[in-house]
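Student:
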Amino acid sequence: MRGFLLFLLLVVCVNAGLFDNFGEKIKTALSKIKTTLNKSNLIKIREKIHALKNKIVAKLTLTPEQKAALAERLKKLVNIKKDHVNPKGDSIEEINDKTHIGDLLYQGDMVLTPQQADELVAEEEGRPKRQAFRDRRYPQTLWSSGVAYFFHPNATPEVKSVFKKGAAWWMKDTCIDFFESAQAKDRIRVFKEDGCWSYVGRLGNEQDLSLGSGCESIGTAAHEIGHALGMFHTHSRHDRDSFITLNSQNIKPDWLDQFKKETTATNENYGITYDYGSIMHYGAQSATMNKKPTMVPHDTNYIETLGSPFISFYELLMMNKHYGCLDKCKSTPNKCKMGGFPHPRDCSKCICPRGYGGQFCDQKPDTCGSILQASATYKTLEDLVGDRNAGGQPREDYHTCTYWIVAPEGKKVEVKFVNFSKGIAVDGCVYGGVEIKTHPDPRMTGYRFCAPEDAGKTLVSSSNLVPIITYNRIYATQTVLQYRFV
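Mapping of the sequence shown onto mature numbering (1 follows the signal peptide of the UniProt record, and there is no 0): residues -16 to -1, 1 to 470, in sequence order.
1. Could you pull out every unbroken beta strand (DSSP E) segment of at least 3 residues lying fully inside the region 336 to 421, listed in chain order?
2. Quick one: grab the DSSP three-state call for Cys159.
3. If the criterion is Cβ atoms closer than 8 Å, does the pair Leu240 and Ile40 meet it?
4. Less than 7 Å between C-beta atoms, sequence neighbours within five positions excluded: which residues of the same chain meet that for Ser220?
5. Do you know whose CA, among Ala391, Gly308, Ile335, Gly412, lies nearest Tyr298's CA?
6. Could you check whether Cys434 and Glu288 sit closer than 8 Å to each other, using their CB atoms as the reference points?
7. Given 8 Å as the limit, is there contact between the region 349 to 368 and the region 325 to 333, that is, 3 or more CB pairs closer than that?
8. In angstroms, rounded to a whole number, what distance separates the CA positions of Val470 and Lys400?
9. Identify the residues that DSSP records as bridge partners of Ser182: which are they?
10. I'd like the list of long-range same chain contacts for Asn403, defined as Cβ closer than 8 Å, with 5 residues on each side in sequence excluded.
11. How long is the line joining the alpha carbons of Gly130 and Asn189, rounded to whole angstroms?
12. So, with DSSP's three-state summary, where would you put Lys23?
13. Under 8 Å by Cβ, that's how I've got Met302 and Ile256 pegged, so tell me the actual separation to the nearest angstrom.
14. Looking at Tyr459 and Ala374, is the spacing between their C-beta atoms short of 8 Å?
15. Spatial neighbours of Lys144 within its chain, please: C-beta separation below 7 Å, excluding the five flanking residues on both sides.
16. What distance in whole Å lies between the Cβ atoms of Leu290 and Ala271, which are believed to be in contact at a cut-off of 8 Å?
17. Unbroken beta strand (DSSP E) runs of length 3 or more, entirely within the region 265 to 315: which are they?
18. Where in the region 38 to 73 do unbroken runs of the alpha helix (DSSP H), each at least 4 residues long, occur, reported from the N-terminal end onward?
19. Any idea which residues DSSP pairs Tyr467 with across the strands?
20. Within 10 angstroms of the Cβ of Arg457, are there 16 or more other Cβ atoms? Answer buried if so, exposed if not.
21. Quick one: grab the DSSP three-state call for Phe227.
22. Residues in its own chain within less than 6 Å of Ser296 by CB, not counting five upstream and five downstream?
23. Mapping the DSSP letters down to three states, classify Gln115 as helix, strand or coil.
24. So, is Val444 buried or exposed, given that buried needs 16 or more other C-beta atoms within 10 angstroms?
25. Nearest to Leu61 by alpha carbon, out of Gly308, Arg338, Pro281?
26. Is the Cβ-Cβ distance between Leu195 and Ala212 less than 8 Å?
27. Drop a sphere of 10 angstroms on the beta-carbon of Lys23, count the other beta-carbons inside from all chains shown, and report buried for 16 or more, exposed for fewer.
28. Look up Ala460 in the DSSP assignment and say whether it is helix, strand or coil.
29. Please report the distance separating the alpha-carbon of Gly110 from that of Lys176.
30. Report the partner residues of Arg427 according to the DSSP bridge assignment.
31. With distances taken Cα to Cα, identify the nearest neighbour of Thr97 among Tyr122, Lys82, Gln124, Val184.
32. Here's the rule I'm using: 16 or more other beta-carbon atoms within 10 Å means buried, otherwise exposed. How should Ser354 be labelled?
33. Relative to the C-alpha of Ser447, which candidate in Tyr455, Trp388, His222, Lys406 has its C-alpha closest?
34. Does Arg30 come out as helix, strand or coil in the three-state DSSP assignment?
35. Does the region 158 to 165 come within contact of the region 304 to 322, defined as at least 3 CB pairs closer than 8 Å?
36. By Cβ distance below 8 Å, which residues in the same chain neighbour Gln466 in space, the five residues on each side in sequence not counted?
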């Protein structure tokens, strides 16, 4: 039966004219699909999006002014030798590209329903039907009674563990509950199919989420759960061109239509700004055909931050707004500092931006690290985080340390990057790195670095406090910084 259905889908491919080079990739991907074949309309949906390629590509064309600005930003980028840690791929896009499953999915890891695909086509043709990461069925697409999930028999212990931890990341700082149940009416079936992918939002009844080989990390699980909760990709926001530039000459031709951008009519972000450290953002070299950046941040110091393995503060705020969690603390005065907000599970406490902690976000988080006083001359911060006795395989959990560098009132902090361990320079610094929070907005993800080639880079804060966060989940990494007040 599966072979017959595969044959029918291949006939659709031929009739749709898909068997150019792109079609051959589709054929390869189809041959790998097992448990989802009877449930998906992947070929028809992918063909609909692919048919829009010329329109989408036309919108990616840069003006002369944009080309000039991009050229100037590219000059600022440090030439970093990228490492490869996981042979299956170091990002969702890489993993799904190697299995070819990404060629069937929307933007590489999303399975759309026929209705969602029709809405995307309508958007591109100027007939918007969708708003925010909502659709016409909102709020029915919310998991208003909590998120039920269960594990398929092929889910390995690693898949089960990272999914539960990824769900815990979302549950900890929102009002969204997750619980294991194979009997709940609406539920997610978690399994180990080829690749990392999910449906978007609650569909009703049973829906799938795959954490295939190479996808067994908490960050990857949290990303796919983000889709299941209703989020699309950050780099498809309607305002992305104000924050990143797509360098289309570096994008694989078959992937150009995957960089479709939302419109103001279909993408309401609750007034929340673009965050380069979003877990829903792909890395700078996603879909590259020449190992050069496909997405260049306008603030080039963020180039290594794209593709983050952590849920950003602004994403938590957006998810809390989307699910109405903030209403739980409407009558509670907001005493939170640094842009934090009352916790919907305990309004007397705050959800704090990364690098800040305590009940009201006015203390250093309770991790390793210390408070350092800056002087007029350079001091050195040397940090070793991780486990030197561990093997070369990545751990599930991160070892994290937080430092506060404090200057006298009225002064700023200057931080100079001196050195970082070799071997884990990948998009998003997903295995380890250092985050330096000199941005004027304390809620914004800091600049992350994970390559020794960054030596000499200097950042200056806008206040007298700079949180420094070091993190690692493979072996151990050393960070060396110098700092002073200016």
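We treat Cβ as the ideally placed atom computed from N, Cα and C, and that holds for glycine.
Tutor: Considering the structure as presented:
1. Here the runs fully enclosed are 355 to 357, 363 to 370, 383 to 390, 397 to 404, 416 to 420.
2. For the purposes of this step, residue 159 is identified with residue 175 of the sequence shown, where counting begins at 1. Coil.
3. Start at 1 with the first residue of the sequence shown, and residue 240 comes out as number 256. Start at 1 with the first residue of the sequence shown, and residue 40 comes out as number 56. Contact flag set, yes.
4. Taking the sequence shown and counting its residues from 1, one reaches residue 220 at position 236. Excluding residues within five positions, the ones whose Cβ falls inside 7 Å are Gln91, Lys244, Lys245, Glu246.
5. Here residue 298 refers to the residue found at position 314 when the sequence shown is read from its first residue. Nearest option by C-alpha distance: Ile335.
6. Here the question's residue 288 lines up with position 304 in the sequence shown. Here the question's residue 434 lines up with position 450 in the sequence shown. Going by C-beta atoms, Glu288 is nearer than 8 Å to Cys434.
7. no
8. What you label residue 470 is simply residue 486 of the sequence shown in a count that begins at 1. What you label residue 400 is simply residue 416 of the sequence shown in a count that begins at 1. Each residue's Cα considered, the two are about 12 Å apart.
9. For this step, residue 182 is matched to residue 198 along the sequence shown. Answer is Met94, Leu193, bridged to Ser182.
10. Indexing the sequence shown from 1 puts residue 403 at position 419. For Asn403, where only same-chain residues beyond five positions count, the Cβ hits under 8 Å are Pro436, Ala439, Gln462, Thr463, Val464.
11. Counting from one through the sequence shown, the residue named residue 130 turns up at place 146. Counting from one through the sequence shown, the residue named residue 189 turns up at place 205. Rounded to whole angstroms, Gly130 to Asn189 spans 13 Å at the Cα level.
12. Taking the first residue of the sequence shown as 1, we reach residue 23 at position 39. In this prediction, Lys23 scores a pLDDT of 46, lower than 50, which makes its location untrustworthy; no coordinate-derived value is stated.
13. In the sequence shown, residue 302 corresponds to position 318, counting from 1. In the sequence shown, residue 256 corresponds to position 272, counting from 1. Right, the Cβ-Cβ distance comes to about 5 Å (below 8 Å), so this counts as a contact.
14. Reading the sequence shown from its first residue, position 390 is the one you call residue 374. Reading the sequence shown from its first residue, position 475 is the one you call residue 459. In contact: Ala374 and Tyr459 (Cβ atoms closer than 8 Å).
15. Numbered from 1 along the sequence shown, position 160 holds the residue referred to as residue 144. Closer than 7 Å at Cβ, skipping near neighbours: Phe135.
16. Position 287 of the sequence shown holds residue 271. Position 306 of the sequence shown holds residue 290. That belief does not hold up - the Cβ atoms of Ala271 and Leu290 are roughly 13 Å apart, past 8 Å.
17. As far as the region 265 to 315 is concerned, its whole beta strand (DSSP E) runs of at least 3 residues are 279 to 281.
18. DSSP runs (the alpha helix (DSSP H)) wholly in the region 38 to 73: 48 to 60.
19. To locate residue 467, count along the sequence shown from 1; it is residue 483. Under DSSP, Tyr467 forms a beta bridge with Lys363, Val399.
20. As a first step, residue 457 is located in the sequence shown; it is residue number 473 there, counting from the start. With 16 or more other Cβ atoms within 10 Å, it is buried.
21. Taking the first residue of the sequence shown as position 1, residue 227 is located at position 243. Of the three classes helix, strand and coil, the one that applies to Phe227 here is coil, per DSSP.
22. Sequence index remark: in the sequence shown, residue 296 carries index 312 (1-based). For Ser296, where only same-chain residues beyond five positions count, the Cβ hits under 6 Å are Asp259, Gly261, Ser262, Thr429.
23. If you number the sequence shown from 1, residue 115 lands on position 131. Any reading at Gln115 needs caution, since the residue's pLDDT is 48, under 50, leaving its predicted position unreliable; the model's value is listed next. Note: Gln115 maps to coil in three-state DSSP.
24. Position 460 of the sequence shown, counted from the first residue, corresponds to residue 444. The Cβ neighbour count for Val444, taken over all protein chains shown within 10 Å, is under 16; the residue is labelled exposed.
25. Start at 1 with the first residue of the sequence shown, and residue 61 comes out as number 77. Cα-wise, what sits closest to Leu61 is Pro281.
26. Position 211 of the sequence shown, counted from the first residue, corresponds to residue 195. Position 228 of the sequence shown, counted from the first residue, corresponds to residue 212. Against a cut-off of 8 Å, the Cβ pair of Ala212 and Leu195 comes out as no contact.
27. By one-based count along the sequence shown, residue 23 stands at place 39. Only weak support is given to the placement of Lys23: the predicted model assigns it a pLDDT of 46, under 50, and the value that follows is read from those uncertain coordinates. By the neighbour-count rule (16 or more Cβ atoms within 10 Å), Lys23 is not buried but exposed.
28. In the sequence shown, residue 460 corresponds to position 476, counting from 1. Correct three-state label for Ala460: strand.
29. Residue numbering aside, residue 110 sits at position 126 when the sequence shown is read from its first letter. Residue numbering aside, residue 176 sits at position 192 when the sequence shown is read from its first letter. Rounded to the nearest angstrom, the two C-alpha atoms are 38 Å apart.
30. For this step, residue 427 is matched to residue 443 along the sequence shown. According to DSSP, Arg427 bridges with nothing at all.
31. The count along the sequence shown starts at 1 and reaches residue 97 at position 113. Among Tyr122, Lys82, Gln124, Val184, the Cα nearest to that of Thr97 is on Val184.
32. Stepping through the sequence shown from its first residue, residue 354 is reached at position 370. So Ser354 ends up on the exposed side.
33. Sequence index remark: in the sequence shown, residue 447 carries index 463 (1-based). Comparing Cα positions, the closest option is Trp388.
34. Position 46 of the sequence shown holds residue 30. Looking at Arg30 - three-state DSSP - the assignment turns out to be helix.
35. yes
36. What you label residue 466 is simply residue 482 of the sequence shown in a count that begins at 1. Cβ neighbours of Gln466 beyond the five flanking positions: Tyr362, Lys363, Thr364, Leu365, Val399, Lys400, Val402.
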